[in-house]
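The C-terminal residue of the sequence shown carries number 148 in this note's numbering, and the numbering is unbroken.
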Amino acid sequence: MAATRTFSIIKPDATKRNLTGKVTQMLEDAGLRVVASKRIQMTRAQAEGFYAVHSERPFFGELVDFMISGPVVVQVLEGENAMQRNRDIMGATNPADAAPGTIRKEVAESIEANSVHGSDSDENAAIEIAYFFNEDEIVG
Ligand code: IDP
Ligand code: MG
Numbered sequence: 009m010a011a012t013r014t015f016s017i018i019k020p021d022a023t024k025r026n027l028t029g030k031v032t033q034m035l036e037d038a039g040l041r042v043v044a045s046k047r048i049q050m051t052r053a054q055a056e057g058f059y060a061v062h063s064e065r066p067f068f069g070e071l072v073d074f075m076i077s078g079p080v081v082v083q084v085l086e087g088e089n090a091m092q093r094n095r096d097i098m099g100a101t102n103p104a105d106a107a108p109g110t111i112r113k114e115v116a117e118s119i120e121a122n123s124v125h126g127s128d129s130d131e132n133a134a135i136e137i138a139y140f141f142n143e144d145e146i147v148g
């Protein structure tokens with residue numbers, strides 16, 4: 009099967025605790041290759057746009073506040089079945105429900121401060137990659 013791409017964010021709770029390397033290692037160990045990466049401070053408008061699909065959910069305001077509370081590392085990951093592979097190593101949204109060995113089980117703090125974002129479909133992966141990266145910033 010050909011390699012596909014997905015989009016990942018290492019969230020502020022993880023960058024603040026100096027876990028960028030540990031999280032990236034777990035992604036790499038799961039068979040994903042980092043083909044683009046940058047550390048950024050998201051603006052409020054950028055975070056609101058990124059999470060627009062969640063704008064009606066009760067936690068939207070707090071989620072945006074959290075996502076701009078510190079730097080994040082946005083990444084493009086490549087691998088066989090990259091979207092599902094990434095979702096599998098991320099673990100469940102709530103770390104209390106996440107399986108042992110997943111990123112959220114091993115490092116996440118709470119259902120909100122859950123250390124990583126991952127696209128939930130190939131279609132959304134393409135949209136999310138384009139939201140943060142130009143094609144010439146992605147080197148496979
Ligand atoms: P996902 O990140 O596992 O795909 P989503 O349902 O897409 O989960 O939610 C997006 C993000 O919103 C989560 O990763 C988490 O940071 C936050 N979130 C989700 N549910 C809650 C909640 O019930 N309370 C607070 N934050 C939440
Ligand atoms: Mg989601």
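For every residue, glycine included, the Cβ atom is placed at its ideal position computed from N, Cα and C.
Among the residues of its own chain, which have a CB less than 6 Å from the CB of residue i, if the five just before and after it don't count?
{"i": "residue 121", "result": "21"}
{"i": "residue 125", "result": "17"}
{"i": "residue 27", "result": "115"}
{"i": "residue 52", "result": "76"}
{"i": "residue 83", "result": "16, 42 and 45"}
Using C-beta distances below 8 Å, list every residue in its chain close to residue i, excluding the 5 sequence neighbours before and after it, in chain order.
{"i": "residue 119", "result": "101, 102, 103 and 104"}
{"i": "residue 23", "result": "47, 78, 79, 80 and 81"}
{"i": "residue 117", "result": "21, 103 and 123"}
Drop a sphere of 10 angstroms on the beta-carbon of residue i, count the other beta-carbons inside from all chains shown, and report buried for 16 or more, exposed for fewer.
{"i": "residue 57", "result": "exposed"}
{"i": "residue 67", "result": "exposed"}
{"i": "residue 32", "result": "buried"}
{"i": "residue 63", "result": "exposed"}
If we ignore side chains and look at the alpha-carbon of each, how far apart do residue i and residue j end up?
{"i": "residue 9", "j": "residue 89", "result": "8 Å"}
{"i": "residue 108", "j": "residue 93", "result": "16 Å"}
{"i": "residue 6", "j": "residue 15", "result": "Since the first residue of the chain shown is 9 and the last is 148, residue 6 is not available in this structure."}
{"i": "residue 144", "j": "residue 36", "result": "22 Å"}
{"i": "residue 137", "j": "residue 106", "result": "25 Å"}
{"i": "residue 29", "j": "residue 71", "result": "23 Å"}
{"i": "residue 59", "j": "residue 25", "result": "23 Å"}
{"i": "residue 139", "j": "residue 61", "result": "14 Å"}
{"i": "residue 55", "j": "residue 65", "result": "15 Å"}
{"i": "residue 95", "j": "residue 69", "result": "24 Å"}
So, at 7 Å on beta carbons, what are the nonlocal neighbours of residue i in its own chain, with the 5 sequence-adjacent residues on each side left out?
{"i": "residue 130", "result": "12 and 91"}
{"i": "residue 74", "result": "20, 120 and 121"}
{"i": "residue 34", "result": "97 and 111"}
{"i": "residue 50", "result": "75, 76 and 80"}
{"i": "residue 99", "result": "106, 107, 110, 111, 112 and 113"}
{"i": "residue 133", "result": "13, 14, 15, 91 and 127"}
{"i": "residue 141", "result": "44 and 84"}
{"i": "residue 135", "result": "none"}
- For the stretch 37 to 45 against the stretch 128 to 148, are there 3 or more C-beta pairs whose distance is under 8 Å? Yes: the two stretches touch, three or more of their Cβ pairs being nearer than 8 Å.
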